[in-house]
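Numbered continuously in numbering that gives the first Met the number 0, the sequence shown closes out at residue 95.
So the structure is just underneath, and the comments pick up after that.
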Amino acid sequence: MAYVVIATSFAIAGAVVARMKGNSVWLWFLISGAIPFLGLLAAVLYRAERDSLRRLCPGCGKVVMLHDALCTRCGTELDFPEVAIAPESANVTAGR
Ligand SMILES: [Zn+2]
């Protein structure tokens, strides 16, 4: 019985974290409830799109997501960059 209470608590905590970060509430509710401690940890560590690393397109200078293979503005093929730009949510510049 105690496990159910603990799992539910973690599930709610995971859902709250997901909601704050703009992630899927139900997905993280289920994950955090299924694997209480690690699920919640994953919810905390999981980064939404706006927290992803970015880089500049060499063709047009648009800031695109690090994992994008094509620039969404000019269509330039993008190799994996040597330098990444810090996420929007971070104020510090990413080092190498
Ligand atoms: Zn471009």
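Using N, Cα and C, we set each Cβ at its ideal position, and we do this for glycine too.
Bear in mind the structure is a predicted one, so any value in this text is a computation, not a measurement.
Give me the Cα-Cα distance between residue 10 and residue 88, rounded to the nearest whole angstrom.
-> 25 Å
Confirm, please, whether the CB-CB distance from residue 85 to residue 65 is below 8 Å.
-> no
Pairing CB atoms from the region 64 to 78 with CB atoms from the region 29 to 43, are three or more of them under 8 Å?
-> no
Candidates 28, 60, 45: closest to residue 12 by CA position | 28
To the nearest angstrom, how far is it from the Cα of residue 14 to the Cα of residue 72?
-> 35 Å
Quick one: Cα of residue 22 to Cα of residue 4, how far?
-> 24 Å
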